[in-house]
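Whatever position you read off the sequence shown (first residue = 1), add 216 for our numbering.
Here a beta-carbon is modelled for each residue, glycine too, at the ideal position from N, C-alpha and C.
If you're wondering where the values come from, they're calculated on a predicted model, not measured in any experiment.
See structure below.
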Amino acid sequence: MKFNFRRGGRYCPLTRGLLILLIFLVGIVVGCTRSASQRSIVVSDEQITPQPPRAGVLTVNFRLADSSKPLTGAHIILEGDMTHAGMAPVFGDAHEVSPGQYQGQVTLSMGGDWVVLMHITLPDGKNVEKQIDIPGVQSK
Numbered sequence: 217m218k219f220n221f222r223r224g225g226r227y228c229p230l231t232r233g234l235l236i237l238l239i240f241l242v243g244i245v246v247g248c249t250r251s252a253s254q255r256s257i258v259v260s261d262e263q264i265t266p267q268p269p270r271a272g273v274l275t276v277n278f279r280l281a282d283s284s285k286p287l288t289g290a291h292i293i294l295e296g297d298m299t300h301a302g303m304a305p306v307f308g309d310a311h312e313v314s315p316g317q318y319q320g321q322v323t324l325s326m327g328g329d330w331v332v333l334m335h336i337t338l339p340d341g342k343n344v345e346k347q348i349d350i351p352g353v354q355s356k
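As structure tokens, this is what we get:
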């Protein structure tokens, strides 16, 4: 039985194409990783009122920074979700009250464990999501 090694190996068009595709994909992954690591969006000083949290209007205050500088001009939507299935989410907006300081409200419909997701759209159009856990929300 004879084998024709000219059909495969290093010089086969299919092998060359796969090698080019692999190099391209590695380049994309490395490029995306570097650009994401250069920008460090930090949410800090989260304050929830009232304390202890209870069903009804909940005010969320937080600071937003980009590489330790206050981040201004972000558009933020707050989404409140219960940690168990079956409940519809509640929504609210957060507005900038001073440079890098934001405040928003969501109305929690019942007691239990909640999560508030912050859907942040940065001034350059990039999107970031952060989460605040709010366990043990009391009933009205």
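Simplified DSSP assignment, three categories, for residue i
i: L280; result: strand
i: L324; result: strand
i: A252; result: With a pLDDT of 42 at A252, under the threshold of 50, the predicted position of this residue should be treated as unreliable, though the coordinate-derived value follows. Three-state DSSP puts A252 in a helix.
Check whether residue i and residue j have beta carbons under 8 Å apart
i: P315; j: T288; result: yes
i: G352; j: D329; result: yes
i: Q321; j: V313; result: no
i: V332; j: L294; result: yes
i: V259; j: F240; result: no
Beta-bridge partners of residue i, as assigned by DSSP
i: L294; result: G308 and M334
i: P286; result: A281
i: Q263; result: N277
i: K346; result: M334
i: I257; result: D282
i: G272; result: L324
i: P314; result: It should be pointed out that residue 314 corresponds to Ser in this sequence rather than to Pro. In the DSSP output, where bridge partners are listed per residue, S314 has Q317.
Closest Cα partner of residue i within the set the options
i: G296; options: V313, T275, P339 and S260; result: T275
i: D349; options: I244, P339, Q263 and Y318; result: Q263
i: P339; options: L280, S325 and K356; result: L280
i: V306; options: D261, I257, V259 and M326; result: M326
i: S284; options: D261, I239, Q319 and K342; result: D261
i: L324; options: L241, E345 and A271; result: A271
i: V291; options: V258, V273, M334 and D282; result: The sequence as given places His at residue 291; Val does not occur at that position. The candidate whose alpha carbon is nearest that of H291 is M334.
i: I257; options: E345, I244 and F240; result: E345
i: K356; options: A304, V273 and H311; result: V273
i: D282; options: A310, Q347, A304 and Q317; result: Q317
Contact between the region 295-306 and the region 263-272 (3+ Cβ pairs under 8 Å): no
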